[in-house]
Structure formats: C-alpha cells, structure tokens
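Here's the structure, in structure tokens; my notes come after.
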Amino acid sequence: MADRVLFISWGQVVRGREARSLESFSETIGLYGRLQQEGKIESFDVVLLDPSVDIDGYMAIHGSHEQIAALKEDEDFRSALYDGSMVVDNLKMAEGYTGAGIAPQMEMYQEAIAKVPQLV
Numbered sequence: 002m003a004d005r006v007l008f009i010s011w012g013q014v015v016r017g018r019e020a021r022s023l024e025s026f027s028e029t030i031g032l033y034g035r036l037q038q039e040g041k042i043e044s045f046d047v048v049l050l051d052p053s054v055d056i057d058g059y060m061a062i063h064g065s066h067e068q069i070a071a072l073k074e075d076e077d078f079r080s081a082l083y084d085g086s087m088v089v090d091n092l093k094m095a096e097g098y099t100g101a102g103i104a105p106q107m108e109m110y111q112e113a114i115a116k117v118p119q120l121v
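Here it is, written out as structure tokens:
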C-alpha cells in the first residue's frame, strides 16, 4: 500500500511552447502508466486546475518509500522532468506522506507539540 507521494506541480505554459507542452504532457502520462504497469509506482493522479495563482496543475505519484526513492533516480523520469521544465513555468516537486504514512507523521507532530508551551 502506498504511504508516500511525489507531488509535481507546474504553472503557466511558456508562451510559444504550447504544442511541445502537450507532447511532453502526453509522454509523461505514458511514462507513468508504464511505470505503474511495471509495478515501479502504485498509482498516479493528474489534476488540471482552473486559472489561479502559480499552479495550473499537478501530478501526484503514489508508492512506497522505496518506489519513490527509485523513481527519483530513474533516467526516464528525470528526462521527463527536464523536458517539462523547458515548457512550463514553476515546475516544482515535493515528496510527502499519504495513506498509512500519515499516522506516524501525525504522532511525531503531536510529540513536538507536547514540547512547546501552548498559549491559551
């Protein structure tokens, strides 16, 4: 079961690179589909957002710690990131927790809270 997530977001498409951005997007979806079929990731979500501040969309890749760590070193994955960075602004990536991975993180957070005087 996935307990980690790799969150990749992006901003506006670079003007004049719209056609290449569609190609890169399709190639990336294909890559993630193949990685899922091969068991290298558990699943992924693609979200396109209405026009807003800084984020036009994101992809959330779900897997185990080992799967996400291996993915970040995968040559095809890294190549897709570089391709994407040429056609969109503000390409960002962050690793986090999901599913069963949330409870241990919340326990650590509660322990940290207990060390700090609370204002009433």
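Position in the sequence shown (from 1) plus 1 gives the number in the numbering used here.
Cβ atoms here follow ideal geometry from the backbone N, Cα and C, with glycine treated the same way.
8 Å Cβ shell around residue i - same chain, five flanking residues per side excluded
i   : result
L82 : I9, L92 and M94
L50 : I56, D57, G58 and Y59
V48 : G58, Y59, M60 and A61
Residue closest to residue i, alpha-carbon to alpha-carbon, out of the options
i   : options                : result
K41 : I69, Q106 and A20      : I69
A71 : E96, V14, S86 and E108 : E96
D46 : Y98, Q111, G58 and S53 : G58
T99 : Q38, E43 and D51       : E43
P52 : I114, V121 and V14     : V14
Residue i, DSSP secondary structure in three states
i   : result
A3  : coil
D57 : coil
L72 : helix
Same chain, Cβ closer than 7 Å to residue i, neighbours up to 5 away in sequence not counted
i    : result
A101 : M2 and D4
D55  : G12 and N91
E67  : none
Close beta carbons around residue i, own chain, < 6 Å, minus the five adjacent residues each side
i   : result
G85 : S25 and L92
R18 : V88
Problem set entry | the segment 26-46 / the segment 62-79 touching (three or more Cβ pairs under 8 Å) | Between the segment 26-46 and the segment 62-79 there are three or more C-beta pairs closer than 8 Å, enough to call the two in contact.
For this session: Say whether the segment 53-67 touches the segment 2-19, bearing in mind that this needs 3 or more beta-carbon pairs closer than 8 Å, one atom from each stretch.
Result: yes
For this session: Would you mind listing the beta strand (DSSP E) stretches within the segment 79-113 that are 3+ residues and don't spill past its ends, in chain order?
Result: The beta strand (DSSP E) runs lying completely inside the segment 79-113 and spanning 3 residues or more are 93-98, given in chain order.
Problem set entry | Minimum length 4: unbroken alpha helix (DSSP H) runs contained in the segment 14-49 | 19-38
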